[in-house]
Amino acid sequence: MEDLKWLEVCLDTRQGELEPLCARLTANGVTGLVIEDEEDFKAFLEQNRQYWDYVDDGLMERMKGVCRVKLYVTDDAGGETQLQTWLEGIDLPYTTARLGENDWAHSWQKYYKPMPVGERLYIVPEWEREQPVPAGRVPLYLNPGLTFGTGSHASTQLCLMGLEEYTLPGCAVLDLGCGSGILSIAALALGAGEAAAVDIDPKAVDVAYENAAMNGIGRDRYTVRAGNVLSDRGLVAELAQNTYALVLANIVADVIIPLSAQAGRFLAPGGVFLCSGIIDTRADEVQAALERNGLRVFQRREQNGWVALAARQA
């Protein structure tokens with residue numbers, strides 16, 4: 201006989217509403233509840249650090265004061281009927297997750313939801329891809345658990361906003377320090393013709409290709425390499441065989457500053473170098489380095505203490 205499969209059902213509420221919610225669930229026939237609060241969320245983060253490089257401030261803010269109530273039903277028609285009875289009269293959104301062998305390894309997924317960025321993009325965790333996309337938005341499907349670069353951090357959002365403005369139909373894009381590939385894949389989704397991407401971490405190659413495949417982007421349009429453009433002259437020479445209308449670098453100030461000496465080699469005439477990951481206290485230092493190396497900053501975006509700069513060859 202097959203083992204029963206279960207659904208974990210999660211409802212989020214605030215501390216002041218927790219007791220009435222639990223009372224209503226109990227009155228509706230629920231006999232077992234699991235309650236998690238903000239401290240449980242923080243403990244969860246500490247215990248599962250292998251799944252992210254950081255948790256952005258926005259997510260921490262959303263979980264502040266949140267209590268999560270979990271209940272469990274069998275993953276079949278009977279369980280669905282039971283769930284509707286249990287939730288009668290409760291006007292709260294809820295999420296469900298099938299419990300399986302990888303349940304604990306992937307339990308962080310419930311903290312990531314589809315997110316609009318800028319005017320056009322809509323970042324969607326791959327397990328939410330069946331959900332409708334708002335009209336006028338371009339979906340960008342990602343697996344946030346694979347590696348850094350989920351779109352939730354301010355520095356990535358600033359770059360994505362710049363992409364919306366500077367990605368031209370059919371243009372070529374170079375993504376330096378690509379991580380999950382989010383920026384170059386977004387550029388292709390927005391109409392770029394081809395993109396090349398590089399990251400110092402070899403694991404990023406497979407991750408970026410996997411995320412590209414989720415978006416219907418093949419290797420005929422997208423090439424990802426592992427390497428260090430600051431020290432590998434062969435890699436730089438290979439990349440510089442082409443020029444790009446848009447060069448992206450969402451890294452940190454200490455990398456962008458030396459990288460500014462190389463960026464001009466990659467730019468097509470009129471092309472844009474879009475750099476982010478810059479803490480606001482170092483933005484002037486980065487701008488000065490760009491200008492020393494023949495790049496003129498023409499736009500500065502700021503969000504939550506982070507800065508993105510857009511520059512062209514002077």
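Numbering-wise, the sequence shown is residues 201 to 514 according to our numbering.
By construction, the Cβ of each residue, glycine as well, lies at the ideal position given by its N, Cα and C atoms.
Please read all numbers here as calculations on a predicted model, not as lab measurements.
Problem - Opposing strand residues paired with alanine 449 [DSSP bridges] - result: Within the sequence shown, the letter at position 249 stands for residue 449. For alanine 449, which the question treats as bridged, DSSP gives the partners Leu376, Cys475.
Exercise for the section: Please report the Cβ distance between glycine 381 and asparagine 411, rounded to the nearest whole angstrom; I am assuming they are in contact, meaning their Cβ atoms lie under 8 angstroms. Expected result: On the sequence shown, position 181 is the one that residue 381 refers to. On the sequence shown, position 211 is the one that residue 411 refers to. Contact flag correct, Cβ pair sits at about 5 angstroms.
Handout entry: Spatial neighbours of methionine 516 in its chain, beta-carbon cut-off 8 angstroms, leaving aside the 5 residues before and after
Key = Absent from the model: residue 516. The displayed extent of the chain is 201 to 514, so no value can be given.
Exercise for the section: Pull up the distance between the alpha-carbon of valine 472 and that of glycine 377, whole angstroms please. Expected result: Counted from its first residue, the sequence shown places residue 472 at position 272. Counted from its first residue, the sequence shown places residue 377 at position 177. Rounded to whole angstroms, valine 472 to glycine 377 spans 16 angstroms at the Cα level.
Handout entry: glutamate 288, DSSP secondary structure in three states
Key = Counting from one through the sequence shown, the residue named residue 288 turns up at place 88. If DSSP states are grouped into helix, strand and coil, glutamate 288 belongs with coil.
Exercise for the section: Pull up the DSSP beta-bridge partners for threonine 213, would you. Expected result: Taking the sequence shown and counting its residues from 1, one reaches residue 213 at position 13. Partner(s): Cys267.
Problem - Same chain, Cβ closer than 6 angstroms to leucine 283, neighbours up to 5 away in sequence not counted - result: Numbered from 1 along the sequence shown, position 83 holds the residue referred to as residue 283. Cβ within range, chain order: Val273.
Handout entry: Beta-carbon spacing of arginine 439, alanine 408 below 8 angstroms
Key = Start at 1 with the first residue of the sequence shown, and residue 439 comes out as number 239. Start at 1 with the first residue of the sequence shown, and residue 408 comes out as number 208. The identity of residue 439 in the sequence shown is leucine, whereas the question assumes arginine. No, these two residues do not count as a Cβ contact at 8 angstroms.
Practice task
Over the uninterrupted alpha helix (DSSP H) stretch that includes alanine 489, give me the two end residues.
Solution key: Here the question's residue 489 lines up with position 289 in the sequence shown. Counting along the chain, the alpha helix (DSSP H) containing alanine 489 begins and ends at 483-492.
Handout entry: Beta-carbon separation (whole angstroms), aspartate 480 vs tryptophan 506, contact threshold 8 angstroms
Key = Against the sequence shown, residue 480 aligns to sequence position 280. Against the sequence shown, residue 506 aligns to sequence position 306. Aspartate 480 to tryptophan 506, Cβ: 7 angstroms. Contact.
Exercise for the section: Examine the Cβ distances between the stretch 384-391 and the stretch 451-469 and report whether three or more of them are shorter than 8 angstroms. Expected result: no
Problem - DSSP three-state assignment for glutamine 357, whether helix, strand or coil - result: As a working mapping, residue 357 is identified with position 157 in the sequence shown. Correct three-state label for glutamine 357: helix.
Practice task
Compute the distance between the beta-carbons of leucine 383 and asparagine 428, then report whether it is under 8 angstroms.
Solution key: Taking the sequence shown and counting its residues from 1, the one referred to as residue 383 is at position 183. Taking the sequence shown and counting its residues from 1, the one referred to as residue 428 is at position 228. Contact: no.
Practice task
Could you tell me the distance, in whole angstroms, from the CA atom of threonine 226 to the CA atom of glycine 318?
Solution key: In the sequence shown, counting from the first residue as 1, residue 226 sits at position 26. In the sequence shown, counting from the first residue as 1, residue 318 sits at position 118. Cα to Cα, the separation comes out at about 43 angstroms.
Problem - Cβ distance (whole Å) where threonine 296 is taken to contact valine 209 below 8 angstroms - result: Position 96 of the sequence shown, counted from the first residue, corresponds to residue 296. Position 9 of the sequence shown, counted from the first residue, corresponds to residue 209. Contact holds; Cβ gap of about 5 angstroms.
Practice task
Could you check the C-alpha separation between leucine 467 and tyrosine 322 for me, to the nearest Å?
Solution key: Here residue 467 corresponds to residue number 267 of the sequence shown, with the count starting at 1. Here residue 322 corresponds to residue number 122 of the sequence shown, with the count starting at 1. Answer to the nearest angstrom: the Cα atoms are 28 angstroms apart.
Problem - Limits of the unbroken alpha helix (DSSP H) element including valine 518 - result: Residue 518 is absent from the model: the chain starts at 201 and stops at 514.
Practice task
Could you spell out the range, first to last residue, of the beta strand (DSSP E) harbouring aspartate 399?
Solution key: Walking along the sequence shown from the start, residue 399 turns up at place 199. It spans 394-399 - the beta strand (DSSP E) in which aspartate 399 sits, taken as one unbroken run.
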